[in-house]
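With this note's numbering applied, the sequence shown corresponds to residues 12 to 110, in that order. Here a beta-carbon is modelled for each residue, glycine too, at the ideal position from N, C-alpha and C. No experiment lies behind these values; they were computed from the predicted model shown.
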Amino acid sequence: MPKPNRGKTETIKDRAIYVYLPSLEMVEDWKRRAERAGVSISRFVVERVEESIRREEGEEGYLSRAELVKRLRGAEEELRKLREENRLLKRPCHIKASV
């Protein structure tokens with residue numbers, strides 16, 4: 012089944028740039044990093060360059076991917092702890108009354 016035409020095919024050559032990295036080791040490193048991030052090498056480079064530009068320009072409220080991941084992990088951990096606390100608080104309490 013062919014991919015739907017999103018209008019990008021016609022402009023691909025107009026949108027392409029060639030970047031020559033200083034070494035093959037750097038090429039392989041970037042490819043590995045992109046793979047670990049679960050994105051294409053193009054998406055990886057675009058995200059990193061945009062992140063650098065925004066940081067350089069001091070764009071207010073901008074968070075890097077790494078910072079977003081860090082915050083997400085913290086929020087997930089806090090949620091896990093709160094769910095556990097909630098589970099414990101919902102348990103029936105069996106206290107014997109002393110006479």
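For secondary structure counted as the alpha helix (DSSP H) over 4 or more consecutive residues, the stretch 20 to 61 holds these complete runs in sequence order: 23 to 26, 35 to 48. Annotated as distal: K42 and I28, with beta-carbon spacing of 8 angstroms or more.
Here the C-alpha atom of E67 lies approximately 11 angstroms from the C-alpha atom of Y73. Straight-line spacing of the CA atoms in T22 and P13 works out to 18 angstroms. Here DSSP, grouped into helix, strand and coil, assigns L83 to helix. Excluding five sequence positions before and after I106, none of the CB atoms of its chain fall closer than 6 angstroms to its own CB.
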